[in-house]
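Note that the working numbering has the sequence shown beginning at 65, numbered continuously upward.
Beta carbons are placed, not taken as given, at the ideal position from N, Cα and C, and that holds for glycine.
Read the structure below first, then the notes.
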Amino acid sequence: MELKPIVLPGVDHLQRPVIITGPCSAESEAQVMETAYSIAAKGIKIFRAGIWKPRTKPGGFEGVGEIGLQWLKRVKKETGMFVATEVATRDHVFEALNADVDLFWIGARTTVNPFAVQEIADSLKGMDIPVLIKNPVNPDLELWIGAIERIYGAGIRRIGVIHRGFSSYDKKIYRNLPLWHIPIELRRRMPALPIFCDPSHIGGKRELIAPLSQQAMDLSFDGLMIESHCNPDSAWSDKDQQITPDVLDYVLNLLVIRNEVQTTENLSELRRQIDHIDEQLLELLSKRMRISREIGVYKKEHNMPVLQSPRYSEILEKRSRMGETMELNPDFIKNILKEIHEESVRQQMIIMGNEK
Numbered sequence: 065m066e067l068k069p070i071v072l073p074g075v076d077h078l079q080r081p082v083i084i085t086g087p088c089s090a091e092s093e094a095q096v097m098e099t100a101y102s103i104a105a106k107g108i109k110i111f112r113a114g115i116w117k118p119r120t121k122p123g124g125f126e127g128v129g130e131i132g133l134q135w136l137k138r139v140k141k142e143t144g145m146f147v148a149t150e151v152a153t154r155d156h157v158f159e160a161l162n163a164d165v166d167l168f169w170i171g172a173r174t175t176v177n178p179f180a181v182q183e184i185a186d187s188l189k190g191m192d193i194p195v196l197i198k199n200p201v202n203p204d205l206e207l208w209i210g211a212i213e214r215i216y217g218a219g220i221r222r223i224g225v226i227h228r229g230f231s232s233y234d235k236k237i238y239r240n241l242p243l244w245h246i247p248i249e250l251r252r253r254m255p256a257l258p259i260f261c262d263p264s265h266i267g268g269k270r271e272l273i274a275p276l277s278q279q280a281m282d283l284s285f286d287g288l289m290i291e292s293h294c295n296p297d298s299a300w301s302d303k304d305q306q307i308t309p310d311v312l313d314y315v316l317n318l319l320v321i322r323n324e325v326q327t328t329e330n331l332s333e334l335r336r337q338i339d340h341i342d343e344q345l346l347e348l349l350s351k352r353m354r355i356s357r358e359i360g361v362y363k364k365e366h367n368m369p370v371l372q373s374p375r376y377s378e379i380l381e382k383r384s385r386m387g388e389t390m391e392l393n394p395d396f397i398k399n400i401l402k403e404i405h406e407e408s409v410r411q412q413m414i415i416m417g418n419e420k
């Protein structure tokens with residue numbers, strides 16, 4: 065997949081982070097312009113606003129529709145910023161193109177639907193416009209990659225993605241769980257693909273925008289899409305996750321952008337140590353599985369079931385406590401043990417003759 069940089073004149077795409085910001089929703093011409101002027105005064109080049117808003121339930125504010133595109137045209141003309149909006153249908157694409165919108169993004173609720181993504185891809189054929197694709201609401205990397213490939217198949221080469229977190233019943237801290245390992249794996253598979261982080265949607269709270277933005281920078285993300293509103297407390301949608309342009313400027317000035325280039329021999333030595341430890345871990349796991357297979361033979365000879373729930377519960381409890389004494393997160397230990405146990409069961413099922 066040969067991608068082109070998401071080049072917009074005057075935007076330095078080699079300087080991290082590239083910032084895309086603006087209100088969750090365009091609510092009125094006055095609100096859009098007040099926010100845009102404040103953002104432009106901070107030196108930001110790309111303004112975003114939702115024109116069509118897919119909501120979880122009907123009855124809420126679902127965007128002002130096509131009239132809001134005229135407000136974006138005014139933003140372009142009067143501030144010189146580029147403008148971006150979300151598209152979810154063929155009609156959205158045509159209307160936004162007619163309004164000279166500079167950048168599109170595909171939302172999480174659309175990415176999850178291959179039919180909808182293909183419709184957008186078909187309507188973009190022959191166009192040369194940057195398209196950013198948000199992760200699907202559920203943690204499915206292949207579905208995310210599928211959406212990227214559909215847009216690429218339409219001839220679009222200026223493609224990037226937006227990590228906005230994944231839906232979960234667990235809302236204790238985040239609105240959407242970050243699950244950083246998923247965009248990290250996407251970067252491994254597609255190293256040329258620009259990755260933006262949307263800390264507003266991940267956190268769902270203003271106070272989480274700064275730490276999430278820093279985490280994204282520490283993971284070498286290319287940019288940030290942050291929701292900024294002239295008066296967040298009166299916003300018609302997602303008011304809790306929007307910040308004023310002044311607060312946005314403060315957050316961005318606090319960011320520490322670390323050098324991505326390896327500069328010390330010390331780092332090389334530490335990485336060599338990691339490689340050695342990883343080899344030892346694999347050798348130990350191989351030895352553990354050999355013992356699991358021996359247990360499987362014993363169980364088969366003595367007509368015992370593979371799954372021994374009390375034993376598994378005992379292992380989880382004891383190892384989690386042991387991990388805590390070693391400054392390891394108990395949930396991390398439990399997740400590792402669950403994977404190991406699942407593989408042990410699979411190996412024993414092969415011995416039993418129930419799986420190939």
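In the three-state DSSP reduction, L243 falls in the coil class, being neither helix nor strand. Looking only at L133, Q344, I379, H293, the smallest Cα-Cα distance to E403 is reached by I379.
The DSSP assignment places complete beta strand (DSSP E) segments of no fewer than 3 residues inside the segment 277-362 at 287-291, in order along the chain.
Contact between N202 and F230 holds: CB atoms are separated by about 6 Å, below the 8 Å threshold.
Between D286 and the set Q305, I248, A299, Y314, the nearest pair of CA atoms involves I248. Of the other Cβ atoms in all chains shown, 16 or more fall within 10 Å of the Cβ of K109; this residue is therefore buried. By the Cβ neighbour-count rule, M289 is buried, with 16 or more other Cβ atoms within 10 Å of its own. Taken atom to atom, the span from the alpha-carbon of R335 to that of I341 is near 10 Å. Cβ-Cβ separation between F260 and I84: approximately 7 Å, consistent with a contact (criterion under 8 Å).
Per the coordinates, the alpha-carbon of I266 lies some 30 Å from the alpha-carbon of R138. Taken atom to atom, the span from the alpha-carbon of V176 to that of K269 is near 24 Å. The continuous beta strand (DSSP E) containing F111 extends over residues 110-112.
With fewer than 16 other Cβ atoms from the protein chains shown falling within 10 Å of its own Cβ, E347 counts as exposed. Around the CB of E291, 16 or more other CB atoms lie within 10 Å, so the residue is classed as buried.
For T308, the closest C-alpha among the options Q344, A105, E343 is that of A105. The residues C88, in chain order, have a CB closer than 6 Å to that of D302 in the same chain once the five nearest residues on each side in sequence are set aside. Straight through space, the alpha carbons of I220 and F168 are spaced by roughly 12 Å.
Rounded to whole angstroms, the gap between the alpha carbons of K140 and D297 is 26 Å. Within the same chain, and ignoring the five residues on either side of G74 in sequence, the residues whose Cβ sits closer than 7 Å to its Cβ are K109.
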